[in-house]
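**Q** Structure provided below as structure tokens; questions to follow.
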Amino acid sequence: MLISKLESVLDGDEMEVRQEIYDAFVDALSLSKCGDGPPQSSYKTYYYNQDPLTLYEDQTTISKGTTGLVTWISAQSMARDIYNPDTKLHKHLASASKVLELGAGCGLVSMVVSKLFNSTVYATDVDENVLQRLERNVNLNNLSTRVVGLDWFNDRDVVTNIIPDVVVAADVVYDDYLFSPLLTILQECLRMNHQCKIYIRGVIRNERTYQKFISMLREDIKHDINIMQIKNECTQIRNPASNNRLNEDMYEVLIG
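Okay, so the sequence shown: first residue is 2 according to the numbering used here, each after it adds one.
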């Protein structure tokens, strides 16, 4: 009734109800129907060039003490660009023998790489619930992606054993507590393979946090670093926490 009332009031003024109002109204309806408990986990299918990939993921951004049980927008954006043969990301992955994903979460990026290329793909994360979810999603899609536990603080030897040609990471820059161990892992990747390419994609949710990461990155990594802004395709990519379309700009860091 609320939306109908707004439409009737604005009808004669050649004005329309903003999309954000529709989205907020739908969110409110969803919350009113879900009771007191959190939304249930569900299967979600992503299509890139009509190629489906189904993931079992949560509907809330934080679940079981981790943010890794939901697919974030940077991973969706990166997956889209992996399918685009004109991108540097696609070209580097096409020639890679070993690919390492850091903070893989539900595994969208790693599994897209496994579907498209013949490389050995390592999907890594640290939380046990996330690793179990990764295994489940890999098996669900009948892929050969290798799921590996990787604690950035203590498991540098994991990277030493893999020696990746390309490293990908989506939405891993959100807590400055993790910056030093993350940079240590990146340094190890570059030490083991001087030709390694590293792609980090994310959304600037906090300008100060982002600038701190970039500053530490430039100080610690003695390789070529290129940073570019990526416009979010808001008609396709949505915030995993709600149905709202996002207009945020994303960034991508390319090292090497």
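A virtual CB, placed ideally from N, CA and C, is assigned to each residue, including glycine.
Which residues mark the beginning and the end of the beta strand (DSSP E) in which threonine 46 is found?
**A** Taken as a continuous stretch (DSSP letters only), the beta strand (DSSP E) holding threonine 46 covers 43-49.
**Q** Could you give the distance in angstroms between the alpha-carbon of threonine 146 and the alpha-carbon of leucine 101?
**A** Spanning the two alpha carbons is a distance of roughly 10 Å.
**Q** Just to confirm before moving on: does the CB-CB distance between valine 169 and tyrosine 200 stay below 7 Å?
**A** Closer than 7 Å, so yes.
**Q** Starting from the C-beta of leucine 141, find all residues in its chain whose C-beta is less than 7 Å away, skip the five residues before and the five after it, and write them out in chain order.
**A** Excluding sequence neighbours, leucine 141 sits near Thr55 and Tyr57.
**Q** Assign glutamine 196 to one of three DSSP states: helix, strand, or coil.
**A** Glutamine 196: coil per DSSP, three-state reduction.
**Q** Within 10 Å of its beta-carbon, does asparagine 138 have 16 or more other beta-carbons around it, so buried, or fewer, so exposed?
**A** Classification for asparagine 138: buried.
**Q** With a threshold of 6 Å on Cβ separation, who are the neighbours of valine 122 within its own chain once the five nearest residues in sequence on each side are excluded?
**A** Taken in chain order, the residues that qualify are Val100, Ser111, Val114, Ser115 and Thr146.
**Q** Compute the Euclidean distance between the alpha carbons of asparagine 85 and asparagine 227, then round it to the nearest angstrom.
**A** Taking the straight line from one Cα to the other gives about 20 Å.
**Q** Assuming the contact rule is C-beta atoms closer than 8 Å, methionine 229 and glutamate 253 should be a hit. Round their C-beta distance to whole Å, please.
**A** Indeed they touch by this definition, with Cβ atoms about 6 Å apart.
**Q** Thinking just about the alpha-carbon of each residue, which of Leu151, Asn130, Ile83 and Gln77 is nearest to the one in asparagine 124?
**A** In the sequence as displayed, the identity of residue 124 is alanine instead of asparagine. Closest by alpha carbon: Leu151.
**Q** Candidates Glu208, Gln212, Arg202 and Trp153: which alpha carbon is nearest glutamine 77's?
**A** Minimum Cα distance to glutamine 77 is reached at Arg202.
**Q** How long is the line joining the alpha carbons of leucine 183 and valine 127, rounded to whole angstroms?
**A** Approximately 12 Å, taken between the alpha carbons.
**Q** Excluding the five sequence neighbours on either side, which residues of its own chain have a C-beta within less than 8 Å of the C-beta of glycine 104, listed in chain order?
**A** Hits under 8 Å: Gly69, Thr125, Asp126, Ala170, Ala171, Asp172 and Val173.
**Q** Assuming alanine 95 is part of the alpha helix (DSSP H), what are its boundary residues?
**A** Element bounds for alanine 95: 89-95.
**Q** Grab me the residues of cysteine 35's own chain with a C-beta within less than 8 Å of its C-beta, minus the 5 sequence neighbours each way, in chain order.
**A** Residue placement at cysteine 35 is poorly supported in this model, since its pLDDT is 48, which falls under 50; the coordinates are not used for a value here.
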